[in-house]
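To start, the structure itself, in structure tokens.
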Amino acid sequence: MTDRASAPTGASPAIHTVGLAKRYGSQVALAGLTMTVPRGLVFGFLGPNGAGKTTAVKLLLGLARPTSGEGLVLGAPVGDVAVRGRVGYLPELFRYQGWMRAREVLGLHLRLGHQPRPTWAAAIDDALRTVGLAGRGDDRVQTFSKGMQQRLGLAVALIGRPELVVLDEPTSALDPVGRHDVRQVIRRLRDRGTAVFLNSHLLTEVEQVCDRVAVIDRGRVVGEGPLATLLGGGAVRVRCTGLEAGALERLQAFGPASAADGWLAWAGLDHERVPDLVARLVAEGARVYQVDVTQTTLEERFLQLLAPS
Amino acid sequence: MSATWTITRLTWHELVRRRLVLALLICTVGVIGLTGWGFAKVPGLHDHGQRLTPGEIRVIAAQLLILVMFMFSFVLALTCAFLAAPAIAGDWESGVALALLARPLRRGELLCGRWLGLALPAVAYTALAVALEFGVARWTTGYVPRQPVVAVAALAAEGLVLLTLTLALSTRLATVTAAVIAVVGFGAMWMGGIAGAFGQVFHNGAISTVGTVTHLLLPTDGMWRAATFALEPRLFAAQAAAHAGAGAFEAASGPTPAYLAFVGAWALGVLGLAWVSLRGREP
Chain A
1 MTDRASAPTG ASPAIHTVGL AKRYGSQVAL AGLTMTVPRG LVFGFLGPNG
51 AGKTTAVKLL LGLARPTSGE GLVLGAPVGD VAVRGRVGYL PELFRYQGWM
101 RAREVLGLHL RLGHQPRPTW AAAIDDALRT VGLAGRGDDR VQTFSKGMQQ
151 RLGLAVALIG RPELVVLDEP TSALDPVGRH DVRQVIRRLR DRGTAVFLNS
201 HLLTEVEQVC DRVAVIDRGR VVGEGPLATL LGGGAVRVRC TGLEAGALER
251 LQAFGPASAA DGWLAWAGLD HERVPDLVAR LVAEGARVYQ VDVTQTTLEE
301 RFLQLLAPS
Chain B
1 MSATWTITRL TWHELVRRRL VLALLICTVG VIGLTGWGFA KVPGLHDHGQ
51 RLTPGEIRVI AAQLLILVMF MFSFVLALTC AFLAAPAIAG DWESGVALAL
101 LARPLRRGEL LCGRWLGLAL PAVAYTALAV ALEFGVARWT TGYVPRQPVV
151 AVAALAAEGL VLLTLTLALS TRLATVTAAV IAVVGFGAMW MGGIAGAFGQ
201 VFHNGAISTV GTVTHLLLPT DGMWRAATFA LEPRLFAAQA AAHAGAGAFE
251 AASGPTPAYL AFVGAWALGV LGLAWVSLRG REP
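If you read the sequences in order, they're chains A and B. First residue of the first sequence: 1, per the working numbering; consecutive thereafter. First residue of the second sequence: 1, per the working numbering; consecutive thereafter.
Next comes the structure, spelled out in structure tokens:
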């Protein structure tokens, strides 16, 4: 994942915003969103409830008008009507015409997206197959379970091979198998160069598929970057004895160290440096009995970023 | 235009798929059959043992036809209101609008598409149903309205006026609220029209003004009066003129070109307000 995180392609980023803000009366829904989503990557967009994630999505798609700030989506100003033909969207509240057949819903979106008619049949079959609804295309949407409707929503987002796909909580109604399928779909999108903007509460899911992540709180970005960079190093604990006097100060070269109950601990240490640390400890006269290396999870980092607020 | 047309077709598709067209056609055929049976009985009526003269038959047929058309206009108005109320509000309430508007679809195209999708079937249905009723009346009694085409146009316009208002309300209000306001408005304007006519009979300026205001505020009764004038024989119009057109089922004169132009401008204005309202609404 990390090797892709700084490898955007294309002339303009998929999304670029500067101070994008939205107010509803005196209430600030988005305080000034500044971020860049490169093309060809999976970008995780995280934040607590009420942080402004869905508002940001609506502004990017032209469903709401920003109070101030500006932004570009696929090189066009936010709100541009034509560019929406190159963007796929699965809303958090996914609802499609219950009286229509799944195939007809997809046909409607192809028509609205100005896709050439001869490509429709193949595109619809492909989208239905991709989301696991092959064979259900002629069924009415009202007969679908909630999970199947979300799969249909994903198909709507994928139809017409968009350059940017915005997924707002794409697995909220899916079982574990469905979630796995969605992750596979997202990876395939990335492989074909499509940018994916993933808004999800499921941090483990984001951790598994995202190349870059932005965390917003109270309408502002509080952390953003490649996932590996954002997580930083993990914690390293070493149980050892016989360390020479003054060695602990010298070991601060690996970062702030703490000692307690026979354990030395370093936070935020790059895993690549662990062998060097152990070698240095031995060189300082220590007898090493145990080394614990733990990776900071996205959830831990997420909570750290939100802690000051 | 293509996006507008897509929404228009989507609306038609929904009307057919939900079996509304089929239900309306079956009900209409049934009602026309029943009224036709009633019309067929008119030539056989007797008055003090005497068969009715052709003139008397035409007078009775004209009165019956106006009553049937009033019932039709009421059904048409309710149908238009209940179809238009969920046309925009339903998309918002269900969340369908989120997916639709994320496509290259302008709010104005959604609005026009919905309006055309409802207005064209409403006009077609009016023309078909009223023409059938006129045909049955002529076949059974020989009565032909004075201006049948004008009558159809006025009845259709009445439906379109209420449809336009309801669609505009639907851009801001919940489905039920929009429908209720439209229906109450339709009834209030009808009552206002009658009150205005009585005001003219009794030369009461204030009450007459009520009629004028209602015809300007929501021109459904104005269009009903236009339809009535086109439906009634010349004799009725003369009688109505003698007592200043009081009553719900008679009219002393047809609408003036200025009033017709006003109704057109009213509809465009309300559609314009609906567009402004929809532009400012966020799903």
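Note that beta-carbon positions come from the ideal geometry of N, C-alpha and C, so glycine has one too.
Taking the alpha-carbon positions, what's the residue i to residue j distance?
| i | j | result |
| --- | --- | --- |
| Leu-155 of chain B | Phe-94 of chain A | 40 Å |
| Leu-41 of chain A | Leu-189 of chain A | 9 Å |
| Pro-118 of chain A | Val-73 of chain A | 28 Å |
| Ala-62 of chain B | Ala-188 of chain B | 26 Å |
| Leu-305 of chain A | Leu-231 of chain A | 11 Å |
| Gly-113 of chain A | Ala-151 of chain B | 42 Å |
| Gly-113 of chain B | Ala-226 of chain B | 28 Å |
| His-48 of chain B | Val-42 of chain B | 15 Å |
| Trp-315 of chain A | Leu-20 of chain B | With chain A covering 1 to 309 only, the question about residue 315 of chain A has no answer from this structure. |
| Ala-267 of chain B | Leu-273 of chain B | 10 Å |
| Thr-53 of chain B | Ile-60 of chain B | 11 Å |
| Arg-84 of chain A | Arg-103 of chain B | 5 Å |
| Arg-65 of chain A | Ile-32 of chain B | 51 Å |
| Gln-150 of chain A | Leu-118 of chain B | 30 Å |
| Leu-269 of chain A | Arg-23 of chain A | 41 Å |
| Asp-221 of chain B | Trp-190 of chain B | 5 Å |
| Gln-115 of chain A | Trp-5 of chain B | 15 Å |
| Val-144 of chain B | Leu-278 of chain B | 44 Å |
| Glu-300 of chain A | Ala-122 of chain A | 44 Å |
| Val-278 of chain A | Asp-191 of chain A | 39 Å |
| Leu-154 of chain A | Leu-167 of chain A | 8 Å |
| Gly-75 of chain A | Ala-261 of chain B | 46 Å |
| Leu-264 of chain A | Leu-243 of chain A | 11 Å |
| Gly-192 of chain B | Arg-234 of chain B | 25 Å |
| Thr-164 of chain B | Leu-271 of chain B | 7 Å |
Let me know the secondary structure DSSP gives residue i once reduced to three states.
| i | result |
| --- | --- |
| Arg-250 of chain A | helix |
| Ala-216 of chain A | The sequence as given places Ile at residue 216 of chain A; Ala does not occur at that position. DSSP places Ile-216 of chain A in strand when its eight states are reduced to three. |
| Ser-277 of chain B | helix |
| Thr-220 of chain B | helix |
| Arg-301 of chain A | helix |
| Gly-211 of chain B | helix |
| Glu-284 of chain A | coil |
| His-46 of chain B | strand |
| Asp-3 of chain A | Below a pLDDT of 50, predicted positions are generally treated as unreliable, and Asp-3 of chain A, at 47, falls in that range; no measurement from the model is reported. |
| Ala-11 of chain A | coil |
| Gly-223 of chain A | strand |
| Tyr-259 of chain B | helix |
| Leu-264 of chain A | strand |
| Pro-275 of chain A | helix |
| Val-28 of chain A | strand |
| Ser-68 of chain A | strand |
Return the chain-ordered list of same chain residues with a C-beta closer than 6 Å to the C-beta of residue i, the five sequence neighbours on each side being excluded.
| i | result |
| --- | --- |
| Trp-266 of chain A | Val-236, Phe-254, Gly-255 and Ala-257 |
| Ala-157 of chain B | Met-223 |
| Leu-33 of chain A | Thr-17, Leu-20 and Ala-56 |
| Phe-134 of chain B | Pro-148 |
| Asp-292 of chain A | Arg-237 |
| Leu-218 of chain B | Gly-185 and Met-189 |
| Gln-290 of chain A | Arg-239 |
Using C-beta distances below 8 Å, list every residue in its chain close to residue i, excluding the 5 sequence neighbours before and after it, in chain order.
| i | result |
| --- | --- |
| Glu-70 of chain A | Thr-17, Val-18, Gly-19, Leu-20, Pro-77 and Val-78 |
| Met-148 of chain A | Leu-133 and Arg-136 |
| Glu-224 of chain A | Met-35, Arg-212, Val-213, Ala-214, Val-215 and Leu-230 |
Could you name the residues of the same chain whose beta carbon sits closer than 7 Å to that of residue i, not counting the 5 residues immediately before and after it, in chain order?
| i | result |
| --- | --- |
| Leu-105 of chain B | Ala-3 |
| Pro-201 of chain A | The question names Pro, but residue 201 of chain A is His in the sequence shown. Here the set comprises Glu-169. |
| Thr-2 of chain A | The predicted position of Thr-2 of chain A is uncertain, since its pLDDT is 38 and thus under 50; a value taken from the coordinates is nonetheless stated next. Cβ within range, chain order: Pro-226, Leu-227 and Ala-228. |
| Gln-142 of chain A | Gly-98 and Trp-99 |
| Tyr-89 of chain A | Leu-61, Ala-157 and Val-166 |
| Ala-173 of chain A | Lys-146, Gly-147 and Gln-150 |
| Ser-302 of chain A | For the sequence presented, residue 302 of chain A should be read as Phe rather than Ser. Hits under 7 Å: Leu-46, Leu-203 and Val-215. |
Between residue i and chain C, is any beta-carbon pair separated by less than 8 Å?
| i | result |
| --- | --- |
| Gly-219 of chain A | Given the protein chain composition of this structure (A and B), no chain C is represented. |
Across the stretch 280-287 of chain A and the stretch 70-88 of chain B, are there enough close Cβ pairs to call them in contact, namely three or more that are closer than 8 Å? By the Cβ test, the stretch 280-287 of chain A is not in contact with the stretch 70-88 of chain B, since fewer than three Cβ pairs between them sit closer than 8 Å.
Cβ-based contacts, 9 Å cut-off: residues of the stretch 88-104 of chain A near chain B: Here the close residues are Gly-88, Tyr-89, Leu-90, Pro-91, Glu-92, Leu-93, Phe-94, Arg-95, Tyr-96, Gln-97, Gly-98, Trp-99, Met-100 and Glu-104.
In the stretch 30-63 of chain A, which residues sit with their C-beta less than 9 Å from some C-beta in chain B, listed in chain order? Listed by position along the chain: Lys-58, Leu-61, Gly-62 and Leu-63.
Specify whether the stretch 86-94 of chain B and the stretch 169-186 of chain B touch according to this definition: at least 3 beta carbon pairs, one from each stretch, less than 8 Å apart. Output reads yes: the stretch 169-186 of chain B touches the stretch 86-94 of chain B.
I want to know whether the stretch 47-63 of chain A touches the stretch 217-230 of chain A - three or more CB-CB distances under 8 Å. Under the Cβ criterion (8 Å, minimum of three pairs), the stretch 47-63 of chain A counts as touching the stretch 217-230 of chain A.
Should the stretch 118-131 of chain B be called in touch with the stretch 128-141 of chain A, which here means at least 3 C-beta pairs below 8 Å? By the Cβ rule, the stretch 118-131 of chain B does not count as touching the stretch 128-141 of chain A, because fewer than three pairs are nearer than 8 Å.
Within 9 Å of chain A by C-beta, residues of the stretch 17-32 of chain B in sequence order: So the close ones are Arg-17 and Arg-18.
Contact set between the stretch 86-110 of chain B and chain A, restricted to residues whose Cβ is under 8 Å from the partner: From the stretch 86-110 of chain B, only Ser-94, Gly-95, Val-96, Leu-98, Ala-99, Leu-100, Leu-101, Ala-102, Arg-103, Pro-104, Leu-105 and Arg-106 have a Cβ closer than 8 Å to chain A.
Count Cβ pairs between the stretch 241-248 of chain A and the stretch 202-210 of chain A that sit closer than 8 Å; are there 3 or more? Contact between the stretch 241-248 of chain A and the stretch 202-210 of chain A is absent, because fewer than three Cβ pairs lie under 8 Å.
Listed in chain order, which residues of the stretch 62-81 of chain B have Cβ atoms closer than 9 Å to some Cβ of chain A? Answer set for the stretch 62-81 of chain B: empty.
Chain B contacts from the stretch 153-178 of chain A (Cβ-Cβ distance under 7 Å): Those would be Val-156, in chain order.
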